[in-house]
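See structure below.
In my numbering, the protein residues as written are 324 to 522.
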């Protein structure tokens with residue numbers, strides 16, 4: 324009899340949101356960048372409402388600029404933003420956040436570089452990784468699509484922003500459900516995944 328795989332179910336008490344390198348200088352060359360920002364903001368707002376710890380990184384901000392203002396505006400006051408030169412978000416300052424976290428909800432860029440390396444590092448540390456595919460992109464669709472395949476094969480869970488947000492509240496009986504529901508009353512913008520997907 325095959326071993327049964329454990330369900331990696333997210334909830335506010337066991338989850339953290341990682342926002343990877345959504346910086347100003349990437350705006351002109353990342354596919355669907357405005358839509359990725361809009362969708363990531365939904366996750367940031369949900370995390371703030373539900374008091375989920377959030378970590379933001381910036382890859383070499385001296386050259387690539389800082390986090391897009393729309394996202395910064397949604398962050399809780401105490402949200403850390405860490406500089407990095409390593410591709411992965413798993414750098415020493417993020418270790419404290421990860422101590423009591425089972426699930427990491429991951430958004431950002433680029434899918435085949437920093438998001439992929441972060442996914443690998445988190446999986447190696449024993450965390451469940453929920454990659455929000457409509458909030459992750461790259462400069463090319465080819466890199467993006469094959470990065471998703473690599474992440475899934477490695478053991479990550481591919482999800483969508485609405486699926487993750489509703490999974491966090493678990494039902495309409497959650498005390499913050501109505502507040503969170505407002506975030507998804509309008510569908511997430513098209514980020515080009517469906518026409519290109521072979522799923």
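Just so it is clear, CB atoms sit at the ideal spot from N, CA and C, and this is done for glycine as well.
Buried or exposed for residue 367, going by 16 or more other Cβ atoms inside 10 Å?
Start at 1 with the first residue of the chain shown, and residue 367 comes out as number 44. Label assigned to residue 367: buried.
Range covered by the beta strand (DSSP E) that runs through residue 447
As a position in the chain shown, residue 447 is number 124, starting the count at 1. It is not in any beta strand (DSSP E) - residue 447 instead sits in the alpha helix (DSSP H) that spans 439-447.
Compute the Euclidean distance between the alpha carbons of residue 410 and residue 437, then round it to the nearest angstrom.
Stepping through the chain shown from its first residue, residue 410 is reached at position 87. Stepping through the chain shown from its first residue, residue 437 is reached at position 114. Looking at the two C-alpha atoms, the distance is approximately 5 Å.
Nearest-angstrom Cα separation, counted from residue 424 out to residue 492:
Your numbering for residue 492 matches position 169 in the chain shown. Your numbering for residue 424 matches position 101 in the chain shown. Their Cα atoms are separated by approximately 17 Å.
Validate contact between the segment 454-461 and the segment 495-504 using beta carbons, cut 8 Å, 3 pairs
no
Answer with buried or exposed for residue 349, where buried requires no fewer than 16 other C-beta atoms within 10 angstroms of its C-beta.
On the chain shown, position 26 is the one that residue 349 refers to. So residue 349 ends up on the buried side.
Continuous beta strand (DSSP E) assignments of at least 3 residues falling wholly in the segment 422-486:
426-432, 451-460, 480-482
Between the C-alpha atoms of residue 402 and residue 363, what's the straight-line distance to the nearest angstrom?
Translated into the one-based positions of the chain shown, residue 402 becomes position 79. Translated into the one-based positions of the chain shown, residue 363 becomes position 40. Taking the straight line from one Cα to the other gives about 15 Å.
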